[in-house]
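**Q**
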Amino acid sequence: MSTDGTGRCLVCYAETKNRCSRCGEAGIDLFFCSPEHQKLVWPGHRFFCGPNAFPLCFPFLSDEELELIIKNLHTRYLKVGGQTSTLYESLNEEGRLSIQDVKSMLRNELHRPQVDGARCVDEQYYLVSLRIPCESDSLSTSTRLLNRFASTAQYLTRAEAVPEDLTSCSPAEAELLHRTFAFVSLVLQARDLLEGQAYLDGISVSSATVTCYKGLFTYTIDRFPPHRAASISAAFRQRYPEMEFFSSAPA
Ligand SMILES: [Zn+2]
Ligand SMILES: [Zn+2]
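What follows is the structure, encoded as structure tokens:
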């Protein structure tokens, strides 16, 4: 946040006075230099724009996500920390819930048709951790985006870039996540639209992806102390090794 009403675009890091008004109402200043750049990352930003922007909240599960999670409750997957687990085990850490209890919790407490996020810390924890293992190209763009956002957020949590309870992020940490989600949204779009060839409104998605990634590093250096900036940058390099070439010496 700045005092003179200017900030840096979430996509290209250019200085601008154009704030996202819905996020502003929620209490965080996020900037887009142009309607084109705002539109470019809207597929991802829409989940966190407005009431979910600050405190930052993941939305409840959609119908598709609910179905997917119930289908995969017993599938073993690799967690960010390197251990393996099933979704049922993650939801039933204290060993007190039957499979029917877990299904009813998923259906009645973690699933809502609207995009508003849960404010409760436990629900937020579940909404992030349940989304990790469900990556598949046959899923809708929304589901794939939310899976990616969740797994990237977990990398940042492990690097102590953001708190485990995302709703307790400071404005600078929340902005880091908003910038991260803008970048992840571009990564997925660039891949879906045939790499290197895709243009939206005359903007090359793959070059916007690189610009956004560099902006993310510059933001990290501008807003966090050096030791923290270094561990945040390391987490990005680990999660997105294909971007390694672009991650040194931001301009
Ligand atoms: Zn821009
Ligand atoms: Zn917004």
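For the sequence shown, UniProt numbering gives the first residue as 1, with consecutive numbering after it.
Where is the CB? At the ideal position from N, CA and C, for every residue including glycine.
1) Could you name the residues of the same chain whose beta carbon sits closer than 8 Å to that of Thr141, not counting the 5 residues immediately before and after it, in chain order?
2) Based on DSSP bridge pairs, tell me the residues matched to Tyr77.
3) Residue range of the alpha helix (DSSP H) that Asn147 falls in?
4) Compute every distance between the C-beta of Ser233 and the non-hydrogen atoms of ligand 1, then say whether any falls below 8 Å.
5) Quick check on this structure: which residue in Arg22, Ala208 and Glu173 has the alpha carbon closest to the alpha carbon of Ala190?
6) Can you check whether the CB of Thr211 is closer than 9 Å to the CB of Cys20?
7) Within 8 Å: the Cβ of His45 and any heavy atom of ligand 2?
8) With distance defined between alpha-carbon atoms, name the residue in Tyr77, Ala14, Leu156 and Pro163 nearest to Phe32.
9) Just checking, does the region 45–59 make contact with the region 163–173 on the three C-beta pairs under 8 Å criterion?
10) Return the Cβ separation of Thr84 and Arg96 in integer angstroms, given the expectation that the two are a contact with Cβ distance under 8 Å.
11) Quick check on this structure: which residue in Glu67, Ser62, Leu130 and Cys120 has the alpha carbon closest to the alpha carbon of Asn92?
12) Indicate whether at least one CB of chain D lies closer than 9 Å to the CB of Gly82.
13) Using the rule of at least 16 other Cβ atoms within 10 Å of the residue's Cβ for burial, across every protein chain shown, is Val184 buried or exposed?
14) At which residue ranges does the region 99–135 contain complete alpha helix (DSSP H) runs of 4 or more residues, listed in the order of the chain?
15) For the structure I just gave you, are there three or more beta carbon pairs, one from the region 149–163 and one from the region 105–114, closer than 8 Å?
16) With H, G and I counted as helix, E and B as strand and the rest as coil, what does DSSP make of Glu195?
17) Use the C-beta contact count for Glu195: other C-beta atoms within 10 angstroms, 16 or more gives buried, fewer gives exposed.
18) I need the boundaries of the alpha helix (DSSP H) containing Ala14, first residue and last residue.
19) Locate the alpha helix (DSSP H) running through Asp63, then write down its first and last residues.
20) For Cys9, write down the residues that DSSP places opposite it in a beta bridge.
21) Go ahead and pull the three-state DSSP assignment for Pro59.
22) Report buried or exposed for His227, applying the criterion of at least 16 other Cβ atoms within 10 angstroms of its Cβ.
23) Looking only at its chain, what residues have a beta carbon closer than 6 Å to the beta carbon of Glu164, apart from the 5 residues adjacent to it on each side?
**A** Quick look at the numbers:
1) Correct list, in chain order: Pro43, Leu188 and Asp192.
2) DSSP output for Tyr77 lists Ser85 as bridge partner(s).
3) Segment Thr141 to Arg158, the alpha helix (DSSP H) holding Asn147.
4) The nearest non-hydrogen atom of ligand 1 is 8 Å or more from the C-beta of Ser233.
5) Measuring from the Cα of Ala190, the nearest candidate turns out to be Ala208.
6) By the CB criterion at 9 Å, Cys20 and Thr211 fall outside the cutoff.
7) Checking every heavy atom of ligand 2 against the Cβ of His45, one is found closer than 8 Å.
8) Check the Cα spacing between Phe32 and each of Tyr77, Ala14, Leu156 and Pro163: the tightest is with Ala14.
9) Contact holds between the region 45–59 and the region 163–173, because three or more Cβ pairs, one in each stretch, are under 8 Å apart.
10) Not a contact, Cβ separation roughly 22 Å.
11) Selected option, being the one with the closest Cα: Leu130.
12) Among the chains of the structure shown, chain D does not appear; only one protein chain is present.
13) Looking at its Cβ environment, which holds 16 or more other Cβ atoms inside 10 Å, Val184 is buried.
14) For the region 99–135, whole alpha helix (DSSP H) runs of length 4 or above, ordered along the chain, are 99–109 and 121–129.
15) No, they do not touch.
16) Residue confidence is low: Glu195 scores 49 on pLDDT, short of 50, so the model does not pin down where it sits. Its coordinate-derived value is still stated next. Collapsing the DSSP output to three states places Glu195 in coil.
17) The predicted model places Glu195 with a pLDDT of 49, which falls under 50 and marks its position as unreliable; any figure quoted below should be read in that light. With fewer than 16 other Cβ atoms within 10 Å, it is exposed.
18) Careful: Ala14 lies outside any alpha helix (DSSP H) and carries neither H nor E.
19) Asp63 to Lys71 is the span of the alpha helix (DSSP H), which, as asked, contains Asp63.
20) Note: Cys9 sits in a beta bridge opposite Phe31.
21) Assignment of Pro59 by DSSP, reduced to helix, strand and coil, places it in the strand class.
22) Here His227 is exposed, its C-beta having fewer than 16 other C-beta atoms within 10 Å.
23) Same-chain partners within the cutoff: Thr157.
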